[in-house]
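Asker: This structure is in structure tokens; I'll ask about it shortly.
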Amino acid sequence: MTSFAETATSSVPLLLLLQLLVLVGWNSNVNAFVLVQQSPRLGHVTTATTSSLFAVNPLVRKAKESELRKYIQEHGIDDDIKQYYQIIQDAKKAKQEQQQPPKEQTETMGPLQETLTRRKGTLTVIAEYKRKLADSGYIDQDIFVPELLSSEFREFGAHAIAVLADERMGGCTYDDLATFVEDQRRAWNDVPGPVKIINSDVIVDEFQVARTKAVGACALVLNFELLGADDTQTLLEATKALDLEAIVSVSTKEQAQQAVDLGARIISVVNVPGADAKRQVVDDLNVPEGATITTIANILHRSDKGLAEVEEAWECRDKGFNCAWVSDALYKAGNSGSEHPGAIVSSMASKSSVRWASPVAKSGRGEGAREYLGDILM
3 MTSFAETATS SVPLLLLLQL LVLVGWNSNV NAFVLVQQSP RLGHVTTATT
53 SSLFAVNPLV RKAKESELRK YIQEHGIDDD IKQYYQIIQD AKKAKQEQQQ
103 PPKEQTETMG PLQETLTRRK GTLTVIAEYK RKLADSGYID QDIFVPELLS
153 SEFREFGAHA IAVLADERMG GCTYDDLATF VEDQRRAWND VPGPVKIINS
203 DVIVDEFQVA RTKAVGACAL VLNFELLGAD DTQTLLEATK ALDLEAIVSV
253 STKEQAQQAV DLGARIISVV NVPGADAKRQ VVDDLNVPEG ATITTIANIL
303 HRSDKGLAEV EEAWECRDKG FNCAWVSDAL YKAGNSGSEH PGAIVSSMAS
353 KSSVRWASPV AKSGRGEGAR EYLGDILM
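Here this note's numbering runs 2 ahead of the position in the sequence shown, where the first position is 1.
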């Protein structure tokens, strides 16, 4: 895997620039690539979050590689990023020169994995910030600004915040990522305290790993389908060299097992509708002795005003998932003023259940009818 930090100074042929323009052009039709899936239980169309765009991963990867090449040529590489990048290269060199395999060490969970992994029956929540939604364009930039949502997510119980730092897919940049990092840093003496920040950029290169460390995030997301096994392993080793944690996104059981075999310990199931189908992806994995696998259910966004996403999060918890990742559903215009992003996070993490309550029950009739979104803030 040759990094763009090593090749960025080379000249760019005219043909490559033309290809870049073509690839950038797909941004205007980004929604055309979003997968639409039918939920048989709920009886309405669901759309995946922007991670669905990995279904066209050759386009996505080429566009990202072109973007990185252009960024480095125009802005260069900051000294702190160079420093972390060099640490990655030194770790790779040391591994290559190693005469014998390293001694096996007892595995311990990293800070993020420990935060996301609670006792059985408890669901943690990762709230993803983005400026651009998969099916409705940009969010309200006056209401949903990083400076406000960072504290709201923390106060309403998010266990981590992810920032989709890819302008095509999420409308965000590394400046937004830095804003969240700084706001959480300032909350060090607050109650609740700071939450961890995850870079959910489309990671394809070690340069991005170094940049993630430099900006102060604690973890990043690697998409197995996009990267393949070899590049996933390379980037997992790069994150380890910088004491970062990696969440590996998978869509099939085969991908999940390969990711675990490569050393991934936090597995996120993406682009799979329904709690049962999600659970099948991570059931009965062959896990190394002493290792803990933390499972994340990526909750698919529904194109309606309902709140079935909260119910799905409860179902995933009951199926044994450790964590729910919620994205577009945070920014839906709800039926009640209480249906704001923080309330949705809090409701997903609540102890309620589809057996006893509905997040949209308002009629006052039936068991659990008084427990609806905005009231479930346990």
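Ideal placement from N, C-alpha and C gives every residue a C-beta, glycine not left out. In this text, all values refer to a predicted model and were calculated from it rather than measured experimentally.
Restricting to Cα atoms, I'd like to know which of Asp285, Val312, Gly159 is closest to Met350.
Answerer: Answer by Cα proximity: Val312.
Asker: Classify Trp190 as helix, strand or coil using the three-state DSSP reduction.
Answerer: Trp190 falls in the coil class under three-state DSSP.
Asker: For Cys318, which residues does DSSP report across the bridge?
Answerer: For Cys318, which the question treats as bridged, DSSP gives no partner whatsoever.
Asker: Going by CA-CA distance only, name the one from Gly112, Tyr87, Thr234, Val252 that's closest to Val283.
Answerer: For Val283, the nearest C-alpha among the options comes from Val252.
Asker: Can you give me the C-alpha to C-alpha distance between Val147 and Val193, rounded to a whole angstrom?
Answerer: The straight-line gap from Cα to Cα measures roughly 22 Å.
Asker: Residue range of the beta strand (DSSP E) that Glu130 falls in?
Answerer: Where Glu130 is concerned, the enclosing beta strand (DSSP E) stretches over 126-131.
Asker: Helix, strand or coil for Glu109, going by three-state DSSP, please let me know.
Answerer: The answer is coil: DSSP assigns Glu109 none of H, G, I, E or B.
Asker: Could you check what DSSP says for Arg304 in three-state terms: helix, strand or coil?
Answerer: Note: Arg304 maps to strand in three-state DSSP.
Asker: Whole angstroms are fine: how far does the CA of Asp81 sit from the CA of Leu70?
Answerer: Between Leu70 and Asp81, the C-alpha separation is close to 17 Å.
Asker: Hey, Ile249 and Ala221: beta-carbon distance below 9 Å or not?
Answerer: Result yes, Cβ atoms of Ile249 and Ala221 sit closer than 9 Å.
Asker: I'd like the span of the beta strand (DSSP E) that includes Lys198, first residue to last.
Answerer: Unbroken beta strand (DSSP E) run through Lys198: 198-201.
Asker: Is Val328 helix, strand or coil when you go by DSSP?
Answerer: Reduced to three states, the DSSP call for Val328 is strand.
Asker: Mind checking Met3: buried by the 16 CB within 10 Å criterion, or exposed?
Answerer: It counts as exposed.
Asker: Please classify His342 as buried or exposed, where buried requires at least 16 neighbouring CB atoms within 10 angstroms.
Answerer: Buried, since its Cβ has 16 or more Cβ neighbours within 10 Å.
Asker: Are three or more beta carbon pairs between the stretch 87-102 and the stretch 199-218 nearer than 8 Å?
Answerer: At 8 Å Cβ cutoff, the stretches touch.
Asker: So which of Ala240, Phe323, Lys72, Asp263 has the shortest CA-CA distance to Glu208?
Answerer: Glu208 has its Cα closest to that of Ala240, out of Ala240, Phe323, Lys72, Asp263.
Asker: Suppose you measure from the CA of Ser329 to the CA of Pro113; what does that come to, to the nearest Å?
Answerer: Looking at the two C-alpha atoms, the distance is approximately 22 Å.
Asker: In chain order, what residues of the same chain have a beta carbon less than 6 Å from the beta carbon of Thr296, not counting five sequence neighbours either side?
Answerer: Once the five neighbours on either side are set aside, the close Cβ partners of Thr296 are Gln115, Leu118, Thr119, Ile268, Asn324.
Asker: Got a sec? Which residues, its chain only, sit under 6 Å from Ser152 by beta carbon, not counting five neighbours each side?
Answerer: The residues are Phe182, Asp185.
Asker: Taking the DSSP output, what are the residues bridged to Ser251?
Answerer: Per DSSP, Asn225, Ser270.
Asker: If you reduce the DSSP assignment to three classes, tell me which class Asp122 lands in.
Answerer: Going by the sequence as given, residue 122 is Lys instead of Asp. In this structure, Lys122 counts as coil in the three-state DSSP scheme.
Asker: Does the structure place the stretch 200-207 close enough to the stretch 158-167 that three or more beta carbon pairs sit under 8 Å?
Answerer: Result yes; three or more Cβ-Cβ pairs closer than 8 Å.
Asker: What is the rounded straight-line gap between the Cα of Ala50 and the Cα of Val347?
Answerer: For Ala50, the predicted structure reports a pLDDT of 44, less than 50, and the residue's modelled location is therefore unreliable. The matter cannot be settled from this model.
Asker: How far does the alpha helix (DSSP H) with Val211 in it extend, from its first residue to its last?
Answerer: Run containing Val211: 208-217, per the alpha helix (DSSP H) assignment.
Asker: Grouping DSSP H, G and I as helix and E and B as strand, with all else coil, what is Met3?
Answerer: Met3 falls in the coil class under three-state DSSP.
Asker: What's the C-alpha gap between Ala231 and Gln259?
Answerer: Approximately 11 Å, taken between the alpha carbons.
Asker: In whole angstroms, what is the alpha-carbon distance linking Asn225 and Val272?
Answerer: When rounded, the distance between both Cα atoms is 9 Å.
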